[in-house]
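Visitor:
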Amino acid sequence: MSAPNIETIVSLAKRRGFVFPSSEIYGGLGSAWDYGQLGVELCNNVKQAWWRWMVYERDDMEGLDSSIILNRLVWKYSGHEDTFSDPLVDCRECKTRLRADKLTDGKCPNCGSKELTEPRPFNLMFRTHVGATAEDDESSLVYLRPETAQGIFINFANVLTTSRRKLPFGVAQIGKSFRNEVTPGNFIFRTREFEQMEMEYFVRPGEDEQAHQEWIDNCFGWFTDLGISKENLRLYEQPKEELAHYAKRTVDIQYRFFPEREEEARQWDELMGIANRTDFDLRTHSKKPEDAEGKRLNPDSTEDLSYFDEATKERFYPYVIEPAAGVNRTVLAVLMDAYTEKTNDKGEKRVILKLHPDLAPIKVAVLPLAKNKPEIVALAKTIKHLLQPAMRAVYDDTGGIGKLYARQDEIGTPFCVTVDHQSLEDEAVTVRDRDTWAQERVKVADLQEHLLKRLGE
Ligand code: GAP
41 MSAPNIETIV SLAKRRGFVF PSSEIYGGLG SAWDYGQLGV ELCNNVKQAW WRWMVYERDD
101 MEGLDSSIIL NRLVWKYSGH EDTFSDPLVD CRECKTRLRA DKLTDGKCPN CGSKELTEPR
161 PFNLMFRTHV GATAEDDESS LVYLRPETAQ GIFINFANVL TTSRRKLPFG VAQIGKSFRN
221 EVTPGNFIFR TREFEQMEME YFVRPGEDEQ AHQEWIDNCF GWFTDLGISK ENLRLYEQPK
281 EELAHYAKRT VDIQYRFFPE REEEARQWDE LMGIANRTDF DLRTHSKKPE DAEGKRLNPD
341 STEDLSYFDE ATKERFYPYV IEPAAGVNRT VLAVLMDAYT EKTNDKGEKR VILKLHPDLA
401 PIKVAVLPLA KNKPEIVALA KTIKHLLQPA MRAVYDDTGG IGKLYARQDE IGTPFCVTVD
461 HQSLEDEAVT VRDRDTWAQE RVKVADLQEH LLKRLGE
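Here my numbering is used: the first residue of the sequence shown is 41, the next is one more, and so on.
Okay, structure coming up:
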């Protein structure tokens, strides 16, 4: 089967309750999406898998949850007020607004006109005002954060002192970010409100390049461990002219989000960026930046974010390696990669979402073979209740067994448990595997342990 495109996933996502167009009953809101009953579970599972891997399974990591609205000075000194913009052009014919850097042949993709305005910078940060002040009161102006990273830098000294960490160590954070993108689109790939999973890893200058490479390899491995196939992932070295103002080197992990595009190079786009941010951020937010030319002098900060190495008696600004991934893009990649089709004995096409068990929104569905038999229904409900403290379990009796299996396959549930007439006698049930459709008989008393083992818990 050829790889599914985003449209296939949009349709599945809406049909089954993963993702809905936001504000739909009022005509929607451009590229805003709501996560439904299955989508919220999938997002939570992606975030949990990342947090477990990034924070719990390491010895050198702390977590953080900083505010979305920060002091405006954070964005002044981070450079975002001046430079976090896209080059904007207007089509003089049809008035469409476009990103100049995304125009491949200098023509408006909407009407084909070459009559475009000169590019001008458009700052992507959403503006709002704190407190009961007038809209035009500049002193109350704040931004919704465009990245979670800055919340980590401004808390560097807090985490360092309270955790008693020594270099190297990292601080991880998951949370919403906001960018007033000029051209959002492609479903949840590029939206104005999205969620990031970012980690800032602080190292001694000089140890940054090796740490950077290690994180690139680690992160690539994380995606393949989640079940994303290597063929659909690749590394992309950002050329100098693409680098953000703070970066010495950035390598993106790209996913083949657009397999339908003819030109191979255009099939890929960013899933995660892994940047070497040098000591730019800690320096720029420091009270005493110690810049020989006095360039990044910061009279507003009250803190020096340098690090004192007790062993060598040296003081310096740590370098930072930053793996930054999007929750939503990970969800999209995971859905695209898990999507398969299979034909059953009757020649009917079935969709099977082969999600990694850790990510599957529902781990087990308990199904009664006959819903008009009260004893079978009661036993199935009892089994669902027995399982639910240990795993996300559902009960469903709203169709024939074939239909119920098909529904669970389509949403990626790894196991179905069927309760039948025989179960009332032998206290055993049938466990059906999503990927192979193989069935085995398991005693109810052993069921939880059996499922947990097969789920890899
Ligand atoms: N702190 C660095 C940083 O924010 P980025 O490459 O701009 O780097 C990191 O963003 C990740 O956040 C991207 O790889 C992508 O997965 C996600 N992301 C960025 N902008 C997004 C958007 N408009 N919609 C959805 N995800 C986005």
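Just so it is clear, CB atoms sit at the ideal spot from N, CA and C, and this is done for glycine as well.
#1: Taking only heavy atoms of ligand 1 into account, decide whether any of them is closer than 8 Å to the Cβ of phenylalanine 298.
#2: When DSSP labels each residue in this structure, what does glutamine 428 get in the three-state scheme?
#3: Round the Cβ separation of leucine 184 and threonine 173 to the nearest angstrom and send it over; I've been treating them as touching at under 8 Å.
#4: Within 10 angstroms of the Cβ of cysteine 456, are there 16 or more other Cβ atoms? Answer buried if so, exposed if not.
#5: Going by CA-CA distance only, name the one from Glu415, Arg244, Val182 and Thr123 that's closest to phenylalanine 348.
#6: Flag glutamate 238 as yes when its Cβ comes closer than 8 Å to any non-hydrogen atom of ligand 1, and as no otherwise.
#7: Quick one: any contact between the stretch 302–312 and the stretch 79–98, if contact means 3 or more CB pairs under 8 Å?
#8: Using the Cβ count rule (16 or more neighbours within 10 Å means buried), how would you classify aspartate 377?
#9: Secondary structure at asparagine 272, three-state DSSP: helix, strand or coil?
#10: By Cβ distance below 8 Å, which residues in the same chain neighbour threonine 438 in space, the five residues on each side in sequence not counted?
#11: Could you compute how far the alpha carbon of leucine 426 sits from the alpha carbon of proline 127?
#12: Since threonine 470 is in the beta strand (DSSP E), which residue starts that stretch and which ends it?
#13: Nearest to threonine 357 by alpha carbon, out of His252, Gly452 and Gly246?
#14: Determine the closest residue to arginine 503 out of Gly171, Ala140, Asp176 and Glu497, with distance taken between C-alpha atoms.
#15: For ligand 1, any of its heavy atoms closer than 8 Å to the Cβ of serine 125?
#16: Are there three or more Cβ pairs, one per stretch, closer than 8 Å when the stretch 380–398 is compared with the stretch 210–222?
#17: So the candidates are Phe166, Gln190 and Glu465; which of them puts its Cα closest to the Cα of serine 125?
#18: Rounded to whole angstroms, what's the CA-CA distance from asparagine 272 to arginine 296? Just pull it up for me.
#19: CB-CB under 7 Å to proline 363, same chain, minus the five flanking residues each way: which ones, in chain order?
#20: Buried or exposed: where does glycine 70 fall if 16 or more other Cβ atoms within 10 Å of its Cβ makes it buried?
#21: Would you mind stating whether asparagine 226 and leucine 104 have Cβ atoms separated by less than 9 Å?
#22: Could you tell me how far apart the beta carbons of arginine 447 and proline 401 are, in whole angstroms, since I believe they sit closer than 8 Å?
#23: For serine 346, which three-state DSSP category applies?
#24: What's the gap between the Cα of lysine 270 and the Cα of leucine 337?
#25: Are phenylalanine 229 and isoleucine 361 close, meaning C-beta to C-beta below 9 Å?
#26: Mapping DSSP to helix, strand and coil, what is aspartate 436?
#27: Less than 8 Å between the CB of phenylalanine 229 and some heavy atom of ligand 1, yes or no?
#28: Pick out whichever of Asp475, Ala418 and Thr324 has its Cα sitting closest to the Cα of threonine 380.
#29: Could you round the C-beta distance between proline 186 and phenylalanine 218 to whole angstroms and report it? I think they count as a contact, below 8 Å.
#30: Looking only at its chain, what residues have a beta carbon closer than 8 Å to the beta carbon of isoleucine 268, apart from the 5 residues adjacent to it on each side?
#31: Taking 8 Å as the cut-off, is the CB of glycine 313 close to at least one heavy atom of ligand 1?
#32: Pull up the CB-CB distance for valine 371 and aspartate 449, whole angstroms please, since I reckon it's below 8 Å.
#33: Could you check whether lysine 421 and valine 406 sit closer than 9 Å to each other, using their CB atoms as the reference points?
Guide: The short version:
#1: no
#2: coil
#3: Not quite, the Cβ-Cβ distance comes to about 17 Å (not below 8 Å), so this is no contact.
#4: buried
#5: Arg244
#6: yes
#7: no
#8: buried
#9: helix
#10: Leu444
#11: 57 Å
#12: 468–473
#13: Rather than threonine, the amino acid found at residue 357 in this sequence is tyrosine. The shortest Cα separation from tyrosine 357 among His252, Gly452 and Gly246 belongs to Gly246.
#14: A question about residue 503 goes unanswered here, because the residues of the chain that appear run from 41 up to 497.
#15: no
#16: no
#17: Phe166
#18: 5 Å
#19: Met239, Trp255, Cys259, Met312 and Ile314
#20: exposed
#21: no
#22: That belief does not hold up - the Cβ atoms of arginine 447 and proline 401 are roughly 13 Å apart, past 8 Å.
#23: coil
#24: 45 Å
#25: no
#26: coil
#27: yes
#28: Asp475
#29: 6 Å
#30: Tyr295, Ala373, Val374 and Asp377
#31: yes
#32: Actually they are not in contact, since the Cβ atoms of valine 371 and aspartate 449 sit about 19 Å apart, beyond 8 Å.
#33: yes
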